[in-house]
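Undergrad: One structure, pasted below without further comment.
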Amino acid sequence: MNPFAAGMAGLRRRPVRTRLAIFSAILTAVILIGFAVVVGRLVTNRLQDDFADELRNNASELAFNLQVSRDSSNRLQICLPVRTVNSTNCLRLTQLAMADDAEIRIVNSLGEVAGFGTPNPPPLGRPGDGSLRVTDDGLGVVDVPVFNRTLGVEPLWVQYARSPAGVDNTTERLWLFLGGGVLIGSLLAGFAGMTVANRAMRPIAALTGTARTIASTRDPSMRIPEPESNDEVAELARTLDQMLRELDAARTETEKTITRQREFVADASHELRTPLTSILANLELLEESLADAAATDDDRAATRSALRSSRRMSRLVTDLLIIARADAGRRGEQVDCDLSRIATEAFEEVQPVAEGHRLSARIEPQALLRGNPDELHRMILNLLENAIRHTPEGATVELSLERGKGEAVLRVADDGPGLPDGMQERVFGRFVRGGGPADRSGSSGDSTGLGLAIVRAVATAHGGSVTAGPSPSGGAQFEAILPLVQGDGDQKNGLGESHPED
Numbered sequence: 005m006n007p008f009a010a011g012m013a014g015l016r017r018r019p020v021r022t023r024l025a026i027f028s029a030i031l032t033a034v035i036l037i038g039f040a041v042v043v044g045r046l047v048t049n050r051l052q053d054d055f056a057d058e059l060r061n062n063a064s065e066l067a068f069n070l071q072v073s074r075d076s077s078n079r080l081q082i083c084l085p086v087r088t089v090n091s092t093n094c095l096r097l098t099q100l101a102m103a104d105d106a107e108i109r110i111v112n113s114l115g116e117v118a119g120f121g122t123p124n125p126p127p128l129g130r131p132g133d134g135s136l137r138v139t140d141d142g143l144g145v146v147d148v149p150v151f152n153r154t155l156g157v158e159p160l161w162v163q164y165a166r167s168p169a170g171v172d173n174t175t176e177r178l179w180l181f182l183g184g185g186v187l188i189g190s191l192l193a194g195f196a197g198m199t200v201a202n203r204a205m206r207p208i209a210a211l212t213g214t215a216r217t218i219a220s221t222r223d224p225s226m227r228i229p230e231p232e233s234n235d236e237v238a239e240l241a242r243t244l245d246q247m248l249r250e251l252d253a254a255r256t257e258t259e260k261t262i263t264r265q266r267e268f269v270a271d272a273s274h275e276l277r278t279p280l281t282s283i284l285a286n287l288e289l290l291e292e293s294l295a296d297a298a299a300t301d302d303d304r305a306a307t308r309s310a311l312r313s314s315r316r317m318s319r320l321v322t323d324l325l326i327i328a329r330a331d332a333g334r335r336g337e338q339v340d341c342d343l344s345r346i347a348t349e350a351f352e353e354v355q356p357v358a359e360g361h362r363l364s365a366r367i368e369p370q371a372l373l374r375g376n377p378d379e380l381h382r383m384i385l386n387l388l389e390n391a392i393r394h395t396p397e398g399a400t401v402e403l404s405l406e407r408g409k410g411e412a413v414l415r416v417a418d419d420g421p422g423l424p425d426g427m428q429e430r431v432f433g434r435f436v437r438g439g440g441p442a443d444r445s446g447s448s449g450d451s452t453g454l455g456l457a458i459v460r461a462v463a464t465a466h467g468g469s470v471t472a473g474p475s476p477s478g479g480a481q482f483e484a485i486l487p488l489v490q491g492d493g494d495q496k497n498g499l500g501e502s503h504p505e506d
């Protein structure tokens with residue numbers, strides 16, 4: 005990329021107000037440069053013409069008044085008569101030259117010196133046609149023939165020379181003044197352009213600030229301030245405000261639809277529990293009656309299969325009910341309960357299905373909080389079942405409950421293969437199933453992919469949080485933090501620990 009294209013690309017990346025100021029300065033500079041060139045050239049030519057005219061006039065006056073004659077010895081006499089009251093005297097050309105700071109000499113047609121106006125004048129060359137010429141020494145010279153001469157005297161010329169240094173200095177000062185004017189004018193134009201651009205962009209800056217606030221708060225109900233002037237910016241503000249109104253209306257309608265859907269799912273899940281409970285009870289009675297009766301093996305197998313499917317459906321409906329309640333903002337009945345007792349009961353419930361795992365628990369007593377005991381029990385049970393399901397036989401799963409300042413910290417850690425990279429947050433998604441070598445949920449069909457989603461939903465509903473990460477032993481660790489009831493002390497009365505037989 006050439007420098008010009010790179011410069012234009014960099015200019016396009018600058019703010020609009022900066023580009024306007026730069027373009028104003030450049031346009032003003034172009035206009036002023038053109039004006040300065042024309043004015044400077046005209047004034048320079050005028051000064052040079054005045055210098056040539058001055059030399060020509062001085063030389064002509066000198067040539068007209070000069071008297072040339074020969075004396076009795078036939079020597080050439082050159083005199084510039086000066087009349088006084090009583091007599092006429094000859095003025096020496098040296099005095100005239102010193103007064104004008106000029107070089108003067110009298111020459112014939114061959115350029116031979118016939119008389120000097122100044123001592124040792126530089127060579128001025130042969131006389132010309134009377135126009136201004138410049139010597140090698142940089143002197144401006146004008147040649148004018150002498151008018152008053154005696155008969156028999158050869159034609160003579162007055163050569164009048166002067167340095168053009170004064171004209172050159174004036175010309176340099178002129179160009180410096182014009183250059184300074186161009187620079188100052190361009191800077192003032194850029195400053196004025198920036199000022200005008202800032203004033204023009206002020207309504208757009210207000211629109212940008214409001215839009216940034218709306219983007220950060222995600223609140224389309226805010227209104228766009230409309231500028232006082234009725235111009236394109238005001239039209240843009242009205243258009244954006246109308247767009248926000250439509251988006252706000254669409255969001256409100258969408259939220260109402262989603263709320264209705266969540267309430268429907270919650271109500272449907274709740275209503276499904278009653279018939280499923282009835283189906284499970286009837287299937288269990290049927291299984292017991294078939295065990296005592298002379299039923300075929302196919303009937304017993306079909307009954308057991310239907311019972312397993314019903315139980316799985318019951319668990320799924322229960323899971324959906326918990327998540328649907330959380331989505332709909334509904335909370336189950338909350339009472340003061342002891343998280344230590346709930347954790348102990350969940351630990352004892354999962355021990356019979358440990359499937360060769362080593363389970364241990366360190367539970368501090370009297371972790372009092374306000375919540376739904378059933379949902380908290382389900383949260384802890386899901387964490388333990390998840391650890392058992394995703395670790396191989398012989399792995400150790402530890403449940404711990406500690407009380408801190410105003411909160412309870414519940415951890416379930418194992419020494420299994422751990423969580424894959426990038427799964428620390430995804431595991432709490434809905435219908436997410438493990439795929440590791442120790443995972444048995446796919447083959448058993450017991451997992452619905454909602455266990456950890458329920459854990460997060462229950463923790464959030466109780467004002468807490470849950471995170472996943474590596475355990476100190478290299479496996480996975482899930483940590484739930486729940487707020488305790490105010491006034492719950494930090495006393496430690498002992499630890500409970502269980503190590504079932506392998």
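Quick note: the sequence shown uses our numbering, first residue 5, plus one each step.
All C-beta atoms in this analysis are idealised placements derived from N, C-alpha and C, irrespective of residue type, glycine included.
1) What's the gap between the Cα of G493 and the Cα of A358?
2) Please say whether L385 and A328 have beta carbons closer to each other than 8 Å?
3) Roughly how many whole angstroms lie between the Cα atoms of Q481 and S475?
4) Quick check on M247: buried or exposed, where buried means 16 or more other Cβ atoms within 10 Å of its Cβ?
5) Could you give the first and the last residue of the continuous beta strand (DSSP E) run that contains E158?
6) Could you pull out every residue in the same chain whose Cβ sits closer than 8 Å to the Cβ of N112, ignoring the five residues on either side in sequence?
7) Please state the DSSP three-state secondary structure of P356.
8) Short of 6 Å in beta carbon distance, which residues of its chain neighbour S447, apart from the five on each side in sequence? Order them along the chain.
9) Let me check one thing: in DSSP terms, what residues is F482 bridge-paired to?
10) Please confirm if the region 452-469 is in contact with the region 429-438, defined as three or more CB-CB distances below 8 Å between the two stretches.
11) On the CB-based measure, 16 or more other CB atoms within 10 Å of its CB, does E352 come out buried or exposed?
12) Considering only C-alpha positions, which residue in the set V72, V186, A63, T175 is nearest to A33?
13) Measure the alpha-carbon distance for E239 versus R206 and round it to whole angstroms.
14) Flag this pair as yes or no: are the beta carbons of V470 and I326 separated by less than 8 Å?
15) Let me check understanding here. Comparing Cα to Cα, which of Y164, N390, L380 lies closest to T464?
16) Whole-angstrom Cβ separation of A67 and V145, contact assumed at under 8 Å?
17) Considering only residues of the same chain and omitting the five flanking positions on each side of R264, which have a CB-CB separation below 6 Å?
18) Quick one: residues in its chain with C-beta nearer than 7 Å to the C-beta of S314, no 5 flanking neighbours on either side, listed in chain order?
19) To the nearest angstrom, how far is it from the Cα of G449 to the Cα of L294?
20) Going straight from the alpha carbon of R166 to that of F39, what length do you get?
21) Among K260, N61, R362, Q370, which has the Cα closest to the Cα of G566?
TA: In short, the structure shows the following:
1) Per-residue confidence for G493 stands at a pLDDT of 46, beneath the threshold of 50, marking its modelled position as unreliable; the derived number appears in the next sentence. Using only the alpha carbons, I get a separation of about 33 Å.
2) no
3) 5 Å
4) exposed
5) Element bounds for E158: n/a, residue is neither H nor E.
6) A118, E158, P159, L160, W161
7) helix
8) Because S447 sits at a pLDDT of 41, beneath the cut-off of 50, its placement in the model cannot be relied upon, and the following sentence gives the value as read from the coordinates. Counting only Cβ-Cβ distances below 6 Å, and skipping sequence neighbours, we find nothing.
9) V416, A472
10) yes
11) exposed
12) V186
13) 15 Å
14) no
15) L380
16) Not really, about 14 Å apart at Cβ, beyond 8 Å.
17) none
18) L280, I283, L284, L287
19) Note that G449 has pLDDT 47, beneath the 50 cutoff, so the model's placement of it is unreliable and no number is given.
20) 32 Å
21) A question about residue 566 goes unanswered here, because the residues of the chain that appear run from 5 up to 506.
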